[in-house]
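See below for the structure under consideration.
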Amino acid sequence: MHRMRAAAAALALGTLAATAACGGGSAGGGQASNEAPKTLTYWASNQGPDIEADKEILTPELKKFEQQTGIKVELEVVPWADLLNRILAATTSGQGPDVLNIGNTWSTSLQATGALLPWDAATFDKIGGRDRFVDSALATAGAEGQDPAAVPLYSMAYALYYHKKAFADAGIEKPPATWDELVAAGKKLSTGGKWGLGVEGSNLSNNIHQVFVLAKQHGADFFDASGKPTFTSDGAVAAVKQYIDLMATDKIVAPGNAEYAQNQSLQDFAKGNTAMILWQTAATTLTSHGMKPDEWGVAPVPVPAGTPGTGQNVNSMVAGINMAVFKNTDNLDGALQFVKFMTGDEEQKTLNKTYGSIPPVKTAQQDEAFNGPDLAVLRDTLATSAAPLPRVPEESQFETAVGTAVKELFADAAQGREITTDLVKERLTKAQQQMPTK
Amino acid sequence: MSSAPTAPPRSFLWARGVFLTLLTGFVLVPVYVMVSSSLKPLQDVSGRFSWLPSGLTVSPYFDIWDTVPLARYFVNSLVVAGAATVLSVIVAVFAAYAVSRYRFPGKQVFTVTVLSTQMFPGILFLLPLFLIYVNIGNATGIALYGSRGGLILTYLTFSLPFSIWMLIGYFASIPRALDEAAAVDGCGPVATLFRIVIPAAIPGIVAVAVYAFMTAWGEVLFASIMTNDTTRTLSVGLQGYATQNDVYWNQVMAASLTISVPVVAGFLLLQRYLVAGLTAGAVK
Amino acid sequence: MGIATEDRALPGRRTAAPGRAGGPHRAPSSRRTLLRRAGLPYLLLLPAVLLELLVHLVPMLIGILASFKELTQFYIRNWSAAPWRGLENYRVSVDLNAPVGKDLLNSFFVTCVLSVLAVGMCWLIGTAAAIFMQEGFRGRGLLRAIFLTPYALPVYAAVITWAFMFQRDHGMVNHVIVDQLGLTDERPFWLLGDNSFIALAVVAVWKTWPFAFLIVMAALQNIPKELYEAAAIDGAGIRQQIRRITMPALYPINRVLVLVLFLWTFNDFNTPYILFGDSAPAPANLISIHIYQSSFVTWNFGTGSAMSVLLLLFLLVVTAGYLLATLRGRKTADV
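The listed protein sequences derive, respectively, from chains R, G and S. Per UniProt numbering, the first sequence starts with residue 1, numbered consecutively. Per UniProt numbering, the second sequence starts with residue 1, numbered consecutively. Per UniProt numbering, the third sequence starts with residue 1, numbered consecutively.
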């Protein structure tokens with residue numbers, strides 16, 4: 001009862017505050033940092049096999065940081081399903097962590113809220129300078145022409161993973177380098193209940209990543225230079241149709257993949273039911289499914305013709321995780337020290353090795369560990385032929401709208417409906433109309 | 001009907017048999033799937049469905065505790081749902097007593113308003129409520145956001161409308177003569193409530209408590225925003241078995257079963273009360 | 001139960017203050033006691049009122065306020081600075097020529113159909129089961145326990161199991177339909193396309209019908225046995241007994257039960273969210289998911305709030321209309 005009275009008494013105050021000055025944030029940032037300045041709250045994303053594994057991986061590193069600086073880091077690993085909502089809630093209320101991981105494609109959306117600390121030159125200097133980071137990775141950290149809202153922490157890129165044995169059995173000598181070759185190989189491989197390629201048809205983000213690259217290869221973009229959506233350009237329509245056609249007309253993707261959203265295509269691959277997947281840093285997952293590293297090969301994602309590069313030969317988005325500082329932090333120095341620690345060479349090597357990703361820090365990237373056959377492909381892709389997703393504040397709406405359109409088209413294809421250019425255009429038109437008008 | 005002079009006709013028995021058998025199947029199939037999948041190795045559950053497991057394993061029941069901090073989530077859920085239930089019952093009893101035993105201006109407004117909150121879409125006030133909690137926290141230092149306290153307050157209010165409505169009905173069914181007798185004996189209104197009305201209303205109160213508990217136990221939306229790692233409840237925490245790599249279906253099922261068993265058992269133990277409570281309360 | 005405590009309560013109360021006993025002449029009662037008497041009901045209501053204010057009413061008012069604002073990601077950090085949009089959010093929500101309005105209408109329609117269907121099925125199955133189990137038979141207790149299990153299961157556990165069973169390639173449902181019964185050659189999707197509506201309806205019914213069963217079962221116990229006996233003597237068959245005695249007796253409880261079931265199904269968020277995740281397929285895009293998507297996934301809380309307010313208005317109208325319509329002929333003032 002006491003609690004209720006107290007809460008009720010506070011209600012009057014709270015209501016006033018809620019309508020008058022929501023999330024002004026002067027009252028302070030992280031819950032932990034209120035009590036003692038020598039602590040930080042850190043929201044990590046789920047990078048390892050599960051949440052508990054992430055805690056086991058990160059805790060010793062955070063201990064190291066505490067020994068070096070005397071700052072204790074309160075770690076919370078936030079599941080992906082909750083992360084964006086939690087950040088949203090933190091943004092709305094000003095009650096959040098001091099340092100947090102964000103999916104790099106969210107950077108521009110979150111930057112627009114103004115909740116994240118902008119990284120100007122002076123701030124960068126405190127963590128060793130902007131030059132430490134690979135350009136393509138840094139490009140994901142915010143809108144063009146603005147100070148980045150975050151710094152890159154782990155980088156990933158898409159590659160083609162293929163089953164060596166399946167390829168050998170089908171008499172395919174080398175991994176496909178162009179889409180025509182991929183389709184041809186896929187047709188050879190799709191026999192006897194096995195399939196050439198696996199996709200995640202109901203995973204909106206994955207759909208976006210794939211059609212984004214294909215659009216680039218068709219010389220199209222989903223947003224024009226002024227940030228207006230251009231989902232219905234011929235190139236974009238052709239890109240989406242090409243992706244769906246892998247199931248609809250080429251028939252090298254199993255119809256059941258239309259409902260995949262939880263990495264089932266990796267399972268199929270590990271079991272040998274599909275021969276190829278287009279994935280970012282799949283090695284750890286494949287191993288956890290019981291595959292041995294010499295059973296699969298890694299090759300660059302196909303391009304229309306020639307070799308991967310820039311322009312129409314882009315073959316991956318720049319995937320990865322960025323690290324941001326919450327503007328409301330009341331331990332800014334500590335937060336920057338922590339970012340410096342996490343982006344330092346030593347931590348970069350340790351953590352990226354553990355997670356199977358590529359360090360976005362130039363000096364750390366030179367380490368031998370990232371030079372194995374798998375990672376070399378990813379590293380070269382990042383360095384030469386990856387482009388960041390559209391850096392517009394409406395990125396998350398774009399993922400939802402276009403990702404859903406692709407998902408629905410896969411569902412249609414899986415159920416035997418004919419996928420025409422008009423249908424694709426119609427769906428993309430609808431997606432575009434759902435975007436906020438400015 | 002059991003004492004009816006004529007036995008039920010054959011066709012009735014037949015229809016009853018068929019209907020109840022089908023219904024039992026409908027109810028039990030998912031339960032069976034849950035149990036059998038929880039005993040399968042991971043390759044089995046992520047492959048094609050089979051009624052009988054190819055190999056039995058109990059390891060999911062051990063793994064569930066390591067994949068996510070299930071024990072902590074379980075305790076959180078128990079604390080949150082338990083406290084919300086107790087408080088909700090207390091608040092509802094007071095309110096229902098006032099409405100069922102007194103005439104006062106505003107009574108109708110109260111009843112209608114409280115009942116109409118039953119139709120508020122949660123989405124509408126999720127973020128505002130969150131903001132209010134944060135601001136209360138900033139203004140008074142009472143941490144409602146991210147704490148179990150905030151969740152308890154929220155859930156106890158969620159179950160209030162239905163609980164109050166049910167108890168009004170139940171209290172109304174307790175003869176006024178009892179109250180009057182108590183008054184003659186010198187009991188004040190509060191004493192009457194505790195000595196007469198509540199003891200007579202135990203079944204109704206149990207029914208309300210069960211309802212409040214179930215409401216708090218299963219809620220997902222508010223819990224996903226209002227909790228953090230230390231205060232996360234089961235309904236949100238269970239999603240942790242779908243990880244970056246894989247959905248551990250066997251662990252999902254094992255964890256679901258593990259957390260369901262005590263609740264279902266408690267529910268079934270209390271169901272007699274529940275029926276009795278509803279009989280007099282909801283049915284008037 | 002009630003009867004037993006009745007006896008216990010009566011004796012043993014001392015007649016301590018004989019002067020204060022009766023109602024009519026509370027002789028020296030000071031103003032204070034009078035005031036306390038009048039204040040007592042309010043005091044008893046106070047906790048409930050405060051909680052309702054804190055958790056339901058004030059947030060709802062803020063939500064209504066938000067529906068007139070432009071609350072996109074550019075402004076959520078500071079709600080008070082967000083520009084007013086007047087009725088723009090509402091205009092967008094109900095503009096049936098644009099996709100937002102069309103989608104809202106679609107999901108509104110889907111929700112209505114699902115609610116009516118699910119409530120009807122829940123009521124039908126629940127009532128039938130309760131009537132069939134009105135009379136004792138061997139195993140009735142066990143059966144009752146089994147039937148209540150879906151209601152007692154935590155929502156997440158129940159729905160995720162169904163999602164598991166509805167998988168196209170590996171699910172139990174298709175295993176039965178395609179592999180075992182051979183009803184179709186193609187494995188149908190259940191979580192995509194048109195079938196997703198069926199999947200959602202099945203789960204909703206599975207999860208909720210036990211509640212109808214429970215309530216109707218309780219209500220049946222209130223019907224005096226003598227009524228049936230008298231009817232049987234008059235030669236009424238079972239069907240007639242059900243029609244002439246059971247159904248009329250169930251009327252008052254059905255009236256509330258149907259409403260409660262309707263509101264629950266209509267506002268249900270957990271089931272579709274666990275079944276389909278953030279983006280439900282159009283045929284199963286319930287309004288709660290739709291609004292969630294509009295506000296949380298695309299970060300437009302103004303429009304999301306406007307949609308919620310419209311939804312609330314609709315439910316208020318439906319409820320009021322329903323109560324008025326069913327109240328006719330019955331003079332019960334209380335809801």
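All residues carry an ideal CB built from backbone N, CA and C; glycine is no exception.
Of all residues in the region 76 to 96 of chain R, only Glu76, Val77, Val78, Pro79, Trp80, Ala81, Asp82, Asn85, Arg86, Leu88, Ala89, Thr92, Ser93, Gly94, Gln95 come within less than 9 Å of chain G when Cβ atoms are compared, listed by chain position. Identification of residues in the region 34 to 50 of chain G having a C-beta nearer than 9 Å to some C-beta of chain S yields Met34, Ser37, Val45, Ser46, Gly47, Arg48, Phe49, Ser50, given in sequence order. For Leu351 (chain R), the enclosing alpha helix (DSSP H) has its first and last residue at 345 to 355. The C-alpha of Ala215 (chain R) lies about 19 Å from the C-alpha of Ser202 (chain R). Taking a Cβ-Cβ cut-off of 7 Å, the neighbours of Gly171 (chain S) in chain G comprise Phe49, given in sequence order. Residues of the region 56 to 70 of chain G with a Cβ closer than 8 Å to any Cβ of chain R, in chain order: Asp66, Thr67, Val68, Pro69.
Separation of Val89 (chain G) and Ser159 (chain G) (C-alpha to C-alpha, rounded to the nearest whole angstrom) is 9 Å. Contact of Ser224 (chain G) with chain R by beta-carbon distance below 9 Å involves Ala81, Asp82, Asn85, Arg86. With a contact defined as Cβ atoms closer than 8 Å, Gly237 (chain G) and Tyr170 (chain G) miss out at about 35 Å. Using a CB distance cut-off of 8 Å, Phe130 (chain G) counts as an interface residue toward chain R. Its chain contains Ser38, Pro60, Tyr61, Ile64 as the residues whose beta carbon lies nearer than 7 Å to that of Ala254 (chain G), once the 5 sequence neighbours on both sides are disregarded; these appear in chain order.
Pairwise C-beta distances place the region 245 to 260 of chain R in contact with the region 400 to 418 of chain R, as three or more of them are shorter than 8 Å. Within the same chain, Pro210, Phe213, Leu214 come within 8 Å of Leu148 (chain S) by CB-CB distance, once the 5 residues on both sides are set aside.
Contact between Leu40 (chain R) and Glu76 (chain R) fails: their C-beta atoms lie close to 11 Å from each other, not under 8 Å. Contacts with chain R at 8 Å (Cβ-Cβ) do not include Leu160 (chain G).
Taking a beta-carbon distance threshold of 8 Å, Thr329 (chain R) does not count as an interface residue toward chain S.
Our two residues, Phe269 (chain S) and Thr381 (chain R), have alpha carbons roughly 42 Å apart in a direct line. Counting only unbroken stretches of 4 or more residues, the alpha helix (DSSP H) elements lying wholly within the region 252 to 310 of chain R are 264 to 271, 283 to 288, in sequence order. For the options G:Pro8, G:Leu70, G:Met166, the alpha carbon positioned closest to that of Thr231 (chain G) is the one of G:Leu70. Within the model, the alpha-carbon separation for Arg244 (chain S) versus Val260 (chain S) is close to 25 Å. Between the C-alpha atoms of Phe212 (chain R) and Ala239 (chain R) there is a straight-line separation of about 8 Å.
The continuous beta strand (DSSP E) containing Glu74 (chain R) extends over residues 72 to 78. In this model, Leu138 (chain R) and Ile177 (chain S) are separated by some 51 Å (Cα to Cα). Nearest to Tyr154 (chain R) by C-alpha distance, out of R:Glu61, R:Asn104, R:Ile127, is R:Asn104. With 16 or more other Cβ atoms inside 10 Å of its own Cβ, Asn315 (chain R) counts as buried. For Gly141 (chain S), the enclosing alpha helix (DSSP H) starts and ends at 140 to 152. Exposed is the label assigned to Asp185 (chain S), since fewer than 16 other Cβ atoms lie within 10 Å of its Cβ. Judged by DSSP in its simplified three-state form, Ile76 (chain S) adopts coil rather than helix or strand.
In this structure Ile233 (chain S) is exposed. Its beta-carbon is surrounded by fewer than 16 other beta-carbon atoms within 10 angstroms. From the listed residues R:Ala405, R:Val237, R:Phe338, the smallest Cα separation to Ile71 (chain R) is found for R:Phe338.
Rounded to the nearest whole angstrom, the CA to CA distance from Ser107 (chain R) to Asp120 (chain R) is 15 Å. At a Cβ-Cβ threshold of 8 Å, Ser80 (chain S) and Leu286 (chain S) do not count as neighbours. Within chain G, the residues whose beta carbon sits less than 9 Å from that of Glu52 (chain R) are Asp66, Thr67, Val68, Pro69, Gly240, listed in sequence order.
DSSP places Met34 (chain G) inside the alpha helix (DSSP H), whose first and last residues are 10 to 38. Here DSSP, grouped into helix, strand and coil, assigns Gly320 (chain R) to strand. For the C-beta of Thr113 (chain R), the chain S residues within less than 8 Å are, from N- to C-terminus, Gln73, Phe74, Ile76, Arg77.
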